[in-house]
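With numbering that gives the first Met the number 0 as the guide, the letters of the sequence shown map in order to residues 0 to 137. C-beta: ideal position from N, C-alpha, C; glycine also. In this text, all values refer to a predicted model and were calculated from it rather than measured experimentally. This report concerns only the one structure given below.
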Amino acid sequence: MQILVFTINNNYYGLDTKYVDEVIVRQKLTPVPNSSDCVAGMTYVHESCYICIDLSNTLFKIRSKWSSAQKFLLTSYNNRLIAYIVDEVIGIYTIDLNSIKSSNVFGVDRDLLKGFIFENNTIITLLDLHGVNQASSC
């Protein structure tokens, strides 16, 4: 399995690459009235409108601060065009499915997580895109 590894609030996260269509530099955002706090706005990329989800706000209830290192992870999950805002993209890792540790940890929202892996002395939290979308009210 291949995962795209990125950071949010100095923590490492991963998504299965089959869900990520493209990684681009953060674009200008247009506000969306009466939307969830997790919705940072919308943007127009490749002649399509993407809803932009602030993963920092979704996971930690902390709005991300704009930085030149930020990226959009463009997805078309469940026929919805969504751009996830992340702080920095680290790279693509190939992992063994057997190396994924259970997300059955006390106090952890298991709907958001597929599990954890340990790579180069770093914990990488694998996100469940369906759970993230539910938490973002997408």
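Short of 7 Å from the beta carbon of Ile61, and not among the five residues preceding or following it, lie these beta carbons of its own chain, in chain order: Asn8 and Ser55. In the assembly as shown, Phe59 is an exposed residue. Its beta-carbon has fewer than 16 other beta-carbons within 10 Å.
Residue burial is scored here from C-beta neighbours: Lys64 has fewer than 16 other C-beta atoms within 10 angstroms and is therefore classed as exposed. The segment 118–131 and the segment 8–23 touch, with no fewer than 3 CB-CB distances between them shorter than 8 Å. Here DSSP, grouped into helix, strand and coil, assigns Lys17 to helix. Val31: not part of any beta strand (DSSP E); DSSP gives it neither H nor E. Taking C-beta separations shorter than 7 Å and ignoring five residues to either side along the sequence, the partners of Gly40 in its chain run Leu28, Thr29, Pro30, Val31 and Cys51, following chain order.
If you look at Ala68, you'll find it isn't in any alpha helix (DSSP H); DSSP assigns it neither H nor E. Out of Asn97, Val38, Ser35 and Val22, the CA that lies nearest to the CA of His45 is found in Val22. Within the same chain, Ser102, Thr124, Leu125, Leu126, Asp127 and Gly130 come within 8 Å of Leu112 by CB-CB distance, once the 5 residues on both sides are set aside. For Asp110, the closest of Ser135, Val88 and Tyr92 by C-alpha to C-alpha distance is Ser135. Here Asn10 carries a strand assignment [DSSP, helix/strand/coil]. Note on geometry: alpha-carbon atoms of Leu3 and Asn33 lie some 31 Å from one another.
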